[in-house]
Amino acid sequence: MESSEKIKIKLGGMTCASCALKIETKLKDMQGVSNSVVNFANEEATVEYDSNVTNYNEFNQAIKNLGYKSTLAKVDIKINDTITEDTFNQLVGKVESIEGIHSVRGNLVASKLFIEFNELKIDENQVYSKIKKLGYDIEKAAGAIDKEIEKHKKEMNYRLRILFISLAFTLVITPISWWVPDSFTRNLLLFFFAIGNYGVAGSFFLIGAYKSLRNKSTNMDVLVALGTTTALVYSILTTFFIDGKTFYEAMSMILTFLLIGKYFEHKTKGQTSEAIKKLIGLQPKTATLLKDGEEIEIPIEEIEVGDVLVVRPGEKIPVDGRVVKGKTKVDESMITGESKYVKKEIDSEVIGATVNQTGLLHIKSERVGKDTLLFQIIDFVKEAQSKKAAKQRLADKVSNYFVPIVVLIAILAFLYWFFIANIGLELSLLVFTSIVVISCPCALGLAIPTAIMVGTGKGAENGILLKGGDSLESINSIDTIVFDKTGTLTIGKPRVSKIFTENELKGEGFDEQKLLTAAGSAEMGSEHPLARAIIEEANQRGYSLESPNEFEAKPGKGIIVRSNDNHILVGNEKLMRENNIELNEFLPKLNEFQDEGVTSILISVNNKLRGILGISDKIKDQAHYTLEKLREKGLKIYMITGDNKKTALSIGNKLGIEENKILAEVLPNQKAETIKNLQ
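Heads up, the sequence shown is in numbering that gives the first Met the number 0, so the first residue is 0 and it goes up one at a time.
The structure is reproduced here in structure tokens:
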């Protein structure tokens, strides 16, 4: 019976997309593997396989046989207890038996466990939690992301040292080639410095070329090694055996400039880990556990489902859960993008990494570790970075054949210029070397995955989630953008700007106080932005509000409530008509509000319309500029809203949106379908 599993492998030693394609092809060809995807930019392989047929050890060996490095995600655990060797060995055995952990290496003297695990089956927080449950006092010495960033920094420092050495050689070689008059002395000095540069900087590419050729494939390193070695060998022959011009200076400059490119390439690749670390950093390091009436501060990794946690004003909510005591307002902007604080009370859901603003909360944890929304977003970003765009898949295939074609063209060019054009050996070799060096295919396999990796990482930092390379690539073909009105084109902080009451109309009945008190009391059970605007206006005026006895929301229309034996409707014209509320006397004022772009909220008490509240939401300062820039790019702009047609037209006209592109009175559950219809 097939047992399908998925594993993520960290790779090392790849120098271009051809290396990635070589590993990907090798893994795909292995028995029991159904699919493998290797991403050169973030140096990872994701393999789907039948665990009854093959395993990571075989993948690791296959990758090493190709000349590359392979490992799984790692975490180091420090043991604070004093334990015997037997107890330590028992602990290692118990940790090895945890599902998802591949290997455990222990160091009793340092009291540390060095753990490799499959991050698609278990995360480092779960590793920590499961070891903690075994009864040991432990702490995380180094996490997977921290180790990845540290590894990247070491690699960056190594590359920078090589670059500086190469640059130093080149800066010496260049003036020698200009200012030493005697040709033999000049060539002899150039020979010694060029050999040094070739040994340091050239070895960087020679090792990569050797690995590639050993695996019967070619890559960028082969071209660089071939071009620089040809230039060096000819220069040596010219120095000691034949007459001619040397290319020491050109060879050194080529190596230095390529190393500069390699350095910045690697620096760009490291931005992914930093972006992921920033997302992880949104989560607090500790939480306050309420146990037997006592508050205990614990690491975030020790939180279990069902724990009751205390969250004070200003603190981050540690995990996803539900409020069991207290009420507050929470800043959820880092997760949802909503700038307005969200009210939370008993039984309200809360999201980990959001910030408690005003009140003391007791929450019951429901999702911890990889199950929290924050870590689902992180996994989403990681998965997006590993997905290949169509052009990337094409580039990977092309780069595999690119090098042999370039070498063939370079040889043919050399033969033509040497034998047919008869320009001499020096210039013919210069043509050969130039073609080989300038044709390095690194951009083919690197540009797209790097753009995907950095783009998805930066997008996540700014609240934009992209599904992967295909989604990022398809953005170029977008011809229409649909903006929601409230909170997107407007600032999302509506306020009551106009009031028209029954008393103004007839000289009797509901005045502003009665109207706002009725409407505000009815909206006490709602979280809608318009409801909050009504409540805030009533509170600012000092009116006393009471929560309704019964509450029924009508999506896209309003609410129906019962409060102190009063039957109250608060909503739009459609809600009133459906409940047979007479509107005729108020229609002129209603039309006036709508023509001014004001959202009109009608209030009926005991089956009689008592007044209208006009609610305004200021257009964002940058909205006009943004829409204008998008129009310059030839994009069609639509606005979608649940507001009535007249109000929507007023806002749309201010923003320069054409009338036929203003989609009004669209219910929340109809918006997705409306977008699909436009597609």
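All C-beta atoms, glycine included, are put in the ideal place defined by N, C-alpha and C.
Cβ-based burial, Ser562 [other Cβ within 10 Å; buried from 16]:
buried
Please classify Trp685: is it buried, with 16 or more other beta-carbons within 10 angstroms of its beta-carbon, or exposed?
Within the shown structure, residues of the chain are numbered from 0 to 678, placing residue 685 beyond reach of any answer.
Candidates Met13, Lys129 and Asn606: which alpha carbon is nearest Asn41's?
Met13
Residues in its own chain within less than 6 Å of Ser649 by CB, not counting five upstream and five downstream?
Gly596
Between Ile8, Asn565, Asp330 and Glu57, which lies nearest to Val37 when the distance is taken from Cα to Cα?
Ile8
Hey, how far is the Cα of Ser216 from the Cα of Val405?
14 Å
Under 8 Å by Cβ, that's how I've got Val52 and Gln30 pegged, so tell me the actual separation to the nearest angstrom.
6 Å
Would you mind stating whether His101 and Tyr55 have Cβ atoms separated by less than 7 Å?
yes
According to the neighbour-count rule (16 or more other Cβ atoms, all chains shown, within 10 Å of its Cβ), is Phe239 buried or exposed?
exposed
If we count the other Cβ atoms within 10 Å of its Cβ and call it buried at 16 or more, is Ile299 buried or exposed?
buried
Going by DSSP in three states, Ser496 sits in which element: helix, strand or coil?
strand
Report, in whole angstroms, the separation of the C-beta atoms of Ile97 and Leu65, which I expect to be a contact under 8 Å.
Going by Cβ atoms, the distance from Ile97 to Leu65 rounds to 30 Å, so no, they are not a contact pair.
Report the option in Met219, Gly226, Lys139 and Glu293 whose CA atom is closest to the CA atom of Gly260.
Met219
For Lys120, the three-state DSSP class (helix, strand or coil)
coil
Quick check on the burial criterion: 16 or more other C-beta atoms within 10 angstroms. Buried or exposed for Asp291?
exposed
Kindly indicate which residue of Asp242, Arg321, Glu118 and Leu119 has the alpha-carbon position closest to the one of Val307.
Arg321
Assess contact between the stretch 625-633 and the stretch 513-533, defined as three or more Cβ pairs (one per stretch) separated by less than 8 Å. Is contact present?
no
Would a C-beta distance cut-off of 7 Å place Val94 and Ile130 closer than the cut-off?
yes
Counting only the same chain and skipping the five closest in sequence on each side, list residues whose C-beta sits under 8 Å from that of Ile410.
Phe431
Measure the alpha-carbon distance for Ile78 versus Asn106 and round it to whole angstroms.
10 Å
Asp370, DSSP secondary structure in three states
helix
Can you tell me which of the three DSSP states Tyr340 falls into?
coil
Supposed contact pair Lys617 and Thr489 - C-beta distance, whole angstroms, cut 8 Å
6 Å
Where Gly280 and Leu372 are concerned, what is the direct C-alpha to C-alpha distance, given to the nearest angstrom?
14 Å
Would you say Glu149 and Val74 are within 7 Å of each other, going by their C-beta atoms?
no
Could you check if Ile600 is buried or exposed, using at least 16 other CB atoms within 10 Å of its CB as the buried criterion?
buried
Where Glu657 falls: helix, strand or coil (DSSP)
coil
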